[in-house]
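Following: one structure in structure tokens, then a few remarks.
Protein chains in written order, with the numbering used here: chain C, 1 to 436; chain D, 1 to 436.
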């Protein structure tokens, strides 16, 4: 599935693979061996095998045929996966809305637009303490209660199976819940009910999505020459060692417009770490940049070709369209005759290849993941492949790819500024520094 | 309008400004002096003063009260500005659709959804030769013609006033047109009819937008201590000199979700250049990264805080909401009592300040543009301010910020792969290299 465009900038691919074989095999074996230890947060490997959880989700969806609007209250990993897959393959008729910020105006617009009788609210927070999500939950819960006698039927909670505020509230109030496996972190949760519940309402082929993810698992277990995530991780690793601190993720598809946002979180939050597992300060992390082809050929490619050679560009392209559209001939526009009779997919395909080649000519390293077509199976494969690539990179860099210690201080400052009890000292300190 | 958070990492702001005063004043004077030379592409400075062009746009909009869907066919600078402003402030009832890619499936979905009788198609290409836009034009023109006797009334063309395929076709067919001033490049065109025509249909206060842009012009003319774009350009310049090759643009607003995409094109395409004006190979350009607060606190801030110190972060924050929403208290959720009775805007504001402060603590340089509120005036100011900042950076780096030579080779390869006449030799060459 890799194009031939790897190996620019003097990387001899077969010998690089040989030279790193031991490192990659050790990483692969370590990940597979550790996967049943909940403290390692590798639960996402086995989630696509969990058909019972999928069956529960599908039963719930069938029992809620009255839903016309599904509002997901979640932020980061609780929203990005379903948003990406829903935009790519959603077929309706249920509309998905993601409340993933606390700016008041869009929330007010949404509340005024929705009919509570036909709305289901799915609040998603593993800890149950995410400030943004919980603020939205407080408002949407009240809105349902004020408008509906049976408001509890319009609420479904996705959270830790045992711990946290949302779990205890759901138990006290008798609300329907789905569990996030304790060993699955937010950015690795798209194939568990965090993603699948809303995607079931969007009409996604979830069996296909999970089958694709299982296929990626197979490849991640395979010997090195067939182990695609080990290979793409190695490419990413080698170019980061060559000083390229930027990784562009560029699918050639408008339907995949939110996939880079999901990838950005997966990559940046997993790999941007101050300390390695040995406790040394290392400050790892390449910065993922979002791009969409062909659109960004008219926005970012100028920089990618002529700017500093500080990037590795990962394109994603499909070999076949789901459906195609012919470009008609028009009298008076003969200057465009090279388009006449061709199809939109042919043009998209030519642009993707032309851009990869033009970047290579400028010695800007790039490689392309080519997928047969854009459907649930191949998208499920791609998501799980990228999770594996991230896990491999974490091993190569000897860091914990599954925590996010760097967001804690911001949360503490927020608590202080919001006047949360116990944070008075910090609030004083911030005030003294002119923040408030 | 700048927060105090500049000056981390040992930059002493007042003395830096003094040290660069001569350079900045020279840049400012050069830009203002060159602005009436069409070859300099500085027409965007005067566009906000052009009230006659705005009046034409508004008259056209009034005469087309029947429009329910407006389809914009355009890519890059022909789409990103209107998309950003429309998403931020659009009030309907006309729905805007942007066809800015050639993936067939979303275009087919759109064609099946639209009612041609209530649809207006605005094709935008300055040259009239953009492959993606013209392919879409050929299809939408045919769709209108096949469905409507008066199809020409449903088509409006925005292009060069004299040159190009679209201009000659419009003349031959008697189609309505709006002109893109020859001295205005795509990524600087949001305040001319490229942006204003669709924004008029979206109900945007265009007088306010242009008034804000004129305010930014005033500041760009002012002495250094009041010249905000000269100052922000200097910050960007100083940190790029310190090796920070990434510039994060992070508004705290979901309504501004497309503004970073507009900024990415403006910044990357203008400043990513292989050669300077003296013809030397320089490979300039920092890479702009899109982020939205608070959303990306749960996606990218882990990397921004703990990862390599290779970034400058530019946040944008509003001092006042247009409308606010209170967070209610709920029995059984007392663990969240720090949110009870507070407002969403208070939370958004606290998160923005907390993040700026947490980044500064980690010695990750950041500064905040603070705007009174999100309305047409302040958004017009922000757009024009960022255009000025870009122009100043072009001067500081002695590059042409207004061309894009790096996208030509990709276009040539596309022509060859699409079989355009005259490109046979290149097609053979690509085939020999395994591309096809």
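Note that the Cβ used here is the ideal one computed from N, Cα and C, for glycine as well.
Asked	Found
Interface flag, residue 101(D) vs chain C, CB-CB below 8 Å	yes
Spatial distance of residue 178(D) from residue 302(C) (CA atoms)	27 Å
Assigned exposure category for residue 96(D) - 16 Cβ within 10 Å defines buried	buried
C-beta neighbour in chain C for residue 12(D), strict 8 Å	no
Paired residues, beta bridge with residue 510(D) - DSSP	Coverage of chain D is limited to positions 1 through 436, which leaves residue 510(D) absent and any answer about it impossible.
Burial state of residue 240(D) (16 or more Cβ within 10 Å)	buried
Span of the alpha helix (DSSP H) around residue 22(C)	21-34
Chain C contacts made by the segment 80-105 of chain D, where a contact means CB separation under 8 Å	80, 100, 101, 102, 103, 104 and 105
Of the listed residues 16(D), 387(D) and 102(D), nearest to residue 216(D) (C-alpha basis)	387(D)
Range of the contiguous beta strand (DSSP E) that encloses residue 367(C)	366-371
Check whether residue 271(D) and residue 401(D) have beta carbons under 8 Å apart	yes
Which listed residue (379(D), 154(D) and 320(D)) has its alpha carbon closest to that of residue 64(D)	154(D)
Of the residues 94(D), 47(D) and 432(D), the one placed nearest residue 120(D), counting alpha carbons only	94(D)
Residue 294(C) and residue 245(C) closer than 8 Å at C-beta	no
Proximal residues of chain B, C-beta to C-beta of residue 253(D) below 7 Å	Judged by its chain identifiers, the structure shown contains no chain B, and its protein chains are C and D.
is_contact[residue 355(D), chain C] using C-beta, thresh 8 Å	yes
Presumed contact (8 Å Cβ cut-off) between residue 416(C) and residue 432(C), rounded CB distance	Between residue 432(C) and residue 416(C) the Cβ distance is about 12 Å, and since that is not below 8 Å, they are no contact.
Minimum Cβ-Cβ distance from residue 415(D) to chain C less than 8 Å	yes
Between the CA atoms of residue 203(C) and residue 91(C) - distance to the nearest angstrom	6 Å
Start and end residues, alpha helix (DSSP H) containing residue 213(D)	206-221
First through last residue of the alpha helix (DSSP H) which encompasses residue 304(D)	301-306
Within 8 Å, strictly: CB atoms of residue 42(C) and residue 212(C)	no
Beta-carbon gap between residue 264(D) and residue 314(D) smaller than 8 Å	no
Alpha-carbon spacing of residue 279(D) relative to residue 19(D), whole angstroms	27 Å
Which of helix, strand or coil DSSP assigns to residue 127(C)	coil
Per-residue DSSP class, three states only, for residue 47(C)	helix
Proximity test, Cβ basis, 8 Å: residue 41(C) and chain D	no
Contact with chain D by residue 152(C), beta-carbon distance below 8 Å	no
Proximity of residue 208(C) and residue 375(C) at Cβ, strictly below 8 Å	yes
Selection of the segment 341-355 of chain C by Cβ proximity to chain D, strictly under 9 Å	342, 343, 344, 345, 346, 347, 348, 349, 350, 351, 353, 354 and 355
Cβ shell of residue 233(D) (< 6 Å), same chain only, five flanking positions each side left out	389, 392 and 393
Spatial distance of residue 191(C) from residue 266(C) (CA atoms)	14 Å
Neighbouring residues, chain D, relative to residue 212(C) (Cβ below 7 Å)	None at all; the shortest Cβ gap to chain D is about 19 Å.
Cβ separation of residue 255(D) and residue 87(D), assumed to be a contact under 8 Å, to the nearest whole Å	7 Å
Of the listed residues 359(D), 78(D) and 61(D), nearest to residue 205(D) (C-alpha basis)	61(D)
Buried versus exposed, by CB contacts within 10 Å (16 or more), residue 79(D)	buried
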